[in-house]
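Numbered by numbering that gives the first Met the number 0, the letters in the sequence shown go through residues 0 to 298 in order.
Notes to accompany the following structure.
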Amino acid sequence: MSTEPTREILVGIDGSAGSEAALRWAYRTAQVERRPVTALLGWTADGLPRPVYQAAAAAEHGALAAAAAQMLDRTIARVPAPQPAVELRRLVVDQDPVDALVAEAKNAAMTVVGARGPGLAHRILAGSVAHRLLHRSSGPVVVVRGTADEAGHADETASQDRRPVVVGVDGSESSQAAVRWAAAQAAERGAPLHLVYGYRVDITSFGVSVDEFYPSLRTDAERLLADVATAGLDDEADLEVRQLAVDDTPTRALLRASAEAQLLAVGTRGRGGFAELVLGSTAHQCVLHADCPVAVLHA
């Protein structure tokens, strides 16, 4: 059972099928962790010309707010209520969705969003709510893709799902945070924890033969996994843990593991530096292409 049972699971709602999948996942997790769920819809009319928005805000703000509340209610109604029941709070905020989620997330154990919002622009732009939130939120962010495989597990509670929780390991601080979080999730769900380290690189050190280089990489990977399992999981003595050193790049290793997982956790470097701008990073590629929900953890 969670040590922080009063902290909510925050779900971003935008009326899309992706946000329905996020709410469904949040319900299942809330049942296991005995947490309340807050379904938040943030709305603005910034897409309108400024004079039109100003006039609407003055004359029809109440109607716009009512329409936003109706969209939230309709989305919630499309997702079957869990049994046993979960406490649900509805929250409509006249604010940019990411700003609203970041503010509310201060009181949340995690923030859950869908991988796809409504409309073509959300499918092709890196500025979607999910990707903007990943860069701005300091807490755990879970992106739910709503894949066909996940739909097949919709009637299960999280504690009935026997698939593993997978976490990417690379020795960084954010990876260590991901391991701790994933271990707690696996323990809550009674699921095995798979520590995955993809150690293959596309270059070798000058003067070192390939026959020597790759065996040394594997040895180092196995040593790191053992250190993580020994030092990082002391509080989870009953947890079933597998250490997987994979001869592949980190991204490909984790994407393959996600096909058999109920949850994938990865670390990110956070908001500073060039890495934030590169959508080819392991975390971003997992969010875009994993076959299961992906949790992104900051150090």
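All C-beta atoms in this analysis are idealised placements derived from N, C-alpha and C, irrespective of residue type, glycine included.
- Item | Buried versus exposed call for THR281 [16 or more other C-beta atoms within 10 Å across all chains shown] | For this step, residue 281 is matched to residue 282 along the sequence shown. It is buried - the Cβ of THR281 has at least 16 other Cβ atoms within 10 Å.
- Alpha-carbon to alpha-carbon, VAL101 and HIS121: In the sequence shown, counting from the first residue as 1, residue 121 sits at position 122. In the sequence shown, counting from the first residue as 1, residue 101 sits at position 102. Caution is warranted here: a pLDDT of 43 is assigned to HIS121, below 50, making its placement in the model unreliable, and no coordinate value can be reported.
- Using alpha carbons as the reference points, say which of VAL10, VAL91, LEU232 lies closest to VAL166. Start at 1 with the first residue of the sequence shown, and residue 166 comes out as number 167. Checking every option, the nearest Cα to that of VAL166 belongs to LEU232.
- Query: Does any residue of chain D bring its CB to less than 9 Å from the CB of SER174?
  - Reply: No chain D appears in the structure shown, which is made up of a single protein chain.
- Query: The alpha helix (DSSP H) with GLY26 in it runs from where to where?
  - Reply: Taking the first residue of the sequence shown as 1, we reach residue 26 at position 27. Checking the sequence, you will find Tyr at residue 26 rather than Gly. Unbroken alpha helix (DSSP H) run through TYR26: 16-32.
- Task: Assign VAL178 to one of three DSSP states: helix, strand, or coil.
- Result: As a first step, residue 178 must be located in the sequence shown, where it is residue number 179. Note: VAL178 maps to helix in three-state DSSP.
- Residue burial classification, GLN159 (beta-carbon count within 10 angstroms, cutoff 16): By 1-based counting over the sequence shown, the position of residue 159 is 160. Exposed is the call here.
- Query: Buried or exposed: where does THR5 fall if 16 or more other Cβ atoms within 10 Å of its Cβ makes it buried?
  - Reply: Along the sequence shown, one-based indexing puts residue 5 at 6. THR5 comes out exposed.
- Message: Would the segment 19-26 count as touching the segment 76-83 if we require 3 or more Cβ pairs under 8 Å?
- Response: yes
- Would you say SER173 and LEU253 are within 9 Å of each other, going by their C-beta atoms? Your numbering for residue 173 matches position 174 in the sequence shown. Your numbering for residue 253 matches position 254 in the sequence shown. It is not a contact, given that the beta carbons lie outside the stated cut-off.
- Query: Which residues bound the alpha helix (DSSP H) around ARG255?
  - Reply: Here residue 255 refers to the residue found at position 256 of the sequence shown. Element bounds for ARG255: 249-257.
- Query: Is the segment 171-190 touching the segment 252-267, taking contact as three or more C-beta pairs under 8 Å?
  - Reply: yes
- Straight-line CA distance for HIS130 to ASP237? The residue given as residue 130 occupies position 131 in the sequence shown. The residue given as residue 237 occupies position 238 in the sequence shown. Spanning the two alpha carbons is a distance of roughly 35 Å.
- CA nearest to the CA of ASP93, picked from PRO83, ARG144, LYS105, LEU39: Start at 1 with the first residue of the sequence shown, and residue 93 comes out as number 94. Checking every option, the nearest Cα to that of ASP93 belongs to LEU39.
- Query: In three-state terms, what does DSSP make of ILE75?
  - Reply: Translated into positions along the sequence shown, residue 75 becomes position 76. Three-state DSSP puts ILE75 in a helix.
- Exposure of SER127, with buried meaning 16 or more beta-carbon neighbours within 10 Å: Looking up residue 127 in the sequence shown gives position 128. Buried.
- Message: Tell me the DSSP secondary structure of ARG115 in three-state form.
- Response: Walking along the sequence shown from the start, residue 115 turns up at place 116. Reduced to three states, the DSSP call for ARG115 is coil.
- Message: Cutting at 6 Å between CB atoms, please list the residues of its own chain near LEU124, excluding the five before and the five after it.
- Response: Residue 124 sits at position 125 when you count from the first residue of the sequence shown. With a pLDDT of 42 at LEU124, under the threshold of 50, the modelled position of this residue cannot be trusted; read the value that follows with caution. Cβ within range, chain order: n/a, list empty.
- Query: Three-state secondary structure (DSSP) at ARG222?
  - Reply: As a first step, residue 222 must be located in the sequence shown, where it is residue number 223. ARG222 falls in the helix class under three-state DSSP.
- Task: Have a look at LEU9, HIS288, SER257, CYS291 and flag the residue whose alpha-carbon is nearest the alpha-carbon of LEU132.
- Result: Taking the first residue of the sequence shown as position 1, residue 132 is located at position 133. Per the Cα distances, LEU9.
- Task: Might you give, ordered along the chain, the residues of its own chain that have their beta carbon closer than 7 Å to the beta carbon of ALA67, omitting 5 neighbours on each side?
- Result: For the purposes of this step, residue 67 is identified with residue 68 of the sequence shown, where counting begins at 1. Counting only Cβ-Cβ distances below 7 Å, and skipping sequence neighbours, we find LEU40, TRP42, VAL91.
- Quick one: grab the DSSP three-state call for ARG49. Sequence index remark: in the sequence shown, residue 49 carries index 50 (1-based). At ARG49, the pLDDT of 47 sits below 50, so the modelled position is not reliable; the number obtained from the coordinates is stated separately. DSSP places ARG49 in helix when its eight states are reduced to three.
- Query: Between which two residues does the alpha helix (DSSP H) carrying ALA244 extend?
  - Reply: Counting from one through the sequence shown, the residue named residue 244 turns up at place 245. First-last for ALA244: 240-245, but that is the beta strand (DSSP E), not the alpha helix (DSSP H).
- Message: Tell me which residues share the same chain as LEU71 and place their Cβ nearer than 7 Å to its Cβ, disregarding the 5 neighbours each side in the sequence.
- Response: For the purposes of this step, residue 71 is taken as residue 72 along the sequence shown, with counting starting at 1. Same-chain partners within the cutoff: ILE12, ALA38, LEU40, ARG89, VAL91.
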